[in-house]
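Chains as they are written, first to last, in my numbering: chain A, 1 to 148; chain B, 149 to 296. Virtual Cβ for every residue (Gly too), placed ideally from N, Cα, C. Fair warning: this is a prediction, and the values are worked out from it, not measured in the lab. Structure, as structure tokens:
There are 2 protein chains.
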Amino acid sequence: MKKYNRQEAREIINELLVKIFNRILAIEGQNLKDKGIKLSMSEVHVLEAIELSDEPTMSNISNRLGITIGSLTTAINTLFQKGYVSRERDAEDRRKVVVGLLPKAVEVLNEHDAFHKEMIDSIFDEMELEKDELLIESLEKLSSYFKK
Amino acid sequence: MKKYNRQEAREIINELLVKIFNRILAIEGQNLKDKGIKLSMSEVHVLEAIELSDEPTMSNISNRLGITIGSLTTAINTLFQKGYVSRERDAEDRRKVVVGLLPKAVEVLNEHDAFHKEMIDSIFDEMELEKDELLIESLEKLSSYFKK
DNA sequence: AATATATTGTTTGAAGTTCAAACTATTTGA
DNA sequence: TCAAATAGTTTGAACTTCAAACAATATATT
Numbered sequence: 001m002k003k004y005n006r007q008e009a010r011e012i013i014n015e016l017l018v019k020i021f022n023r024i025l026a027i028e029g030q031n032l033k034d035k036g037i038k039l040s041m042s043e044v045h046v047l048e049a050i051e052l053s054d055e056p057t058m059s060n061i062s063n064r065l066g067i068t069i070g071s072l073t074t075a076i077n078t079l080f081q082k083g084y085v086s087r088e089r090d091a092e093d094r095r096k097v098v099v100g101l102l103p104k105a106v107e108v109l110n111e112h113d114a115f116h117k118e119m120i121d122s123i124f125d126e127m128e129l130e131k132d133e134l135l136i137e138s139l140e141k142l143s144s145y146f147k148k
Numbered sequence: 149m150k151k152y153n154r155q156e157a158r159e160i161i162n163e164l165l166v167k168i169f170n171r172i173l174a175i176e177g178q179n180l181k182d183k184g185i186k187l188s189m190s191e192v193h194v195l196e197a198i199e200l201s202d203e204p205t206m207s208n209i210s211n212r213l214g215i216t217i218g219s220l221t222t223a224i225n226t227l228f229q230k231g232y233v234s235r236e237r238d239a240e241d242r243r244k245v246v247v248g249l250l251p252k253a254v255e256v257l258n259e260h261d262a263f264h265k266e267m268i269d270s271i272f273d274e275m276e277l278e279k280d281e282l283l284i285e286s287l288e289k290l291s292s293y294f295k296k
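Structure representation (structure tokens):
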């Protein structure tokens, strides 16, 4: 196996961090277009964040996305207007707004999920990574490192 | 070592791809602010693309960035106006515009580079990844996979 | 050489994303 | 009760990007 010194390793990780994610975003965006889905990637991310929130209030969703509530309000406005999400005040605490996914949104998320699975599967297949326990473990470490 | 099945592995990679990149962007943006650099991340990316281009014409740079030439023109306009880059027509082919980095830009790129190195070093340190040849090799594969 | 076509960039108008700050409504705590 | 905290919305501005129309230069064809 080729030996990597620290400098090479750094450059590889650097490149990975800098370039790859952009490329993935572009690929995903193209996929949406190809399927005739009239949503931007950020709108899809909003839908994902709603799906993943235990209590999908404006605060929780915006927090998960790392944007301000104000920004989220405008995003939800258009998603609501386009018929992707519902919104209503919480009966218990009427300051809160609870957002819900309408069927149209669920459909998009399913397609998006399927696309992701396919992409990752093809990575595994082409790279024969299936049994790289160490890789997965390391990626998990990398992931948790950035959660802080 | 914990065993990961394909489904778990997929979810971890998925999460990595979806979330980490945004976080890194945010961290880098904050770093610029902290250092009093009045540039956005996209502007820094433009400078990086100029640095990495063998022949930094508008086409080459925009191509590397994955944006249209038109978009790049507006970006270069402001970077030029702020004194970060030079621009001049190519003497050989007067259709081309060759962009250059001025000292102010070089300084920013050096700082940005140093920050990246520091970030990756601290990942290595904290995660004790230094000797994970396999990880590096796998990341390289992952990286080259997305270059296609 | 003259003309058509291709290449390289710029400009313009529009849309999308985001933020900060001012504001409204509701809840909680003193 | 009344002040402070919390949850969201609105507004105005900046930034990023695109597509389409346009201008200039270079290359190919006749």
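- B/ARG212: member of the alpha helix (DSSP H) spanning 206-213, first to last residue.
- Comparing alpha-carbon positions, the option among B/ASN225, B/VAL245, B/VAL233 lying closest to B/VAL256 turns out to be B/VAL233.
- Contact annotation: A/VAL97 and A/MET58 have beta-carbon atoms nearer than 7 Å.
- Secondary structure of A/ARG23 (DSSP, three-state): helix.
- Between the segment 184-202 of chain B and the segment 210-227 of chain B, the count of C-beta pairs closer than 8 Å reaches three or more; the two stretches touch.
- Counting only runs that start and end inside the segment 219-278 of chain B, the alpha helix (DSSP H) elements of at least 4 residues fall at 251-275.
- Remark: C-beta atoms of A/VAL106 and A/ARG87 do not approach each other more closely than 7 Å.
- Annotation: B/ARG237 to B/THR221 spans about 14 Å, alpha carbon to alpha carbon.
- With fewer than 16 other Cβ atoms inside 10 Å of its own Cβ, A/ALA26 counts as exposed.
- DSSP places A/SER40 in no alpha helix (DSSP H); its state is neither H nor E.
- Sequence-distant partners of A/ASP34 (beyond 5 residues in either direction) whose C-beta falls short of 6 Å from its own C-beta are missing from its chain.
- Nearest C-alpha to A/ASP54 among A/LEU101, A/LYS38, A/THR78, A/ARG95: A/LEU101.
- Its chain contains LYS183, ILE185 as the residues whose beta carbon lies nearer than 8 Å to that of B/GLU259, once the 5 sequence neighbours on both sides are disregarded; these appear in chain order.
- Less than 7 Å divides the Cβ of A/ASN31 from the Cβ of A/PHE115.
- Around the Cβ of B/PRO204, a 10 Å sphere holds 16 or more other Cβ atoms; the residue is buried.
- Remark: C-beta atoms of A/GLY70 and A/LYS104 do not approach each other more closely than 7 Å.
- With distances taken between CA atoms, B/ALA223 lies nearest to B/VAL192 out of B/GLU176, B/VAL192, B/ILE268.
- Its chain contains SER210 as the residues whose beta carbon lies nearer than 7 Å to that of B/THR216, once the 5 sequence neighbours on both sides are disregarded; these appear in chain order.
- DSSP places B/GLY177 within a helical segment (H, G or I) once states are collapsed to three.
- If the five residues before and after B/PHE228 are omitted, its C-beta is found closer than 8 Å to the C-beta atoms of SER234, ARG235, all from its own chain and listed in chain order.
- Burial is judged here by how many other beta carbons sit within 10 angstroms of a residue's own beta carbon; A/LEU39 has at least 16 and is buried.
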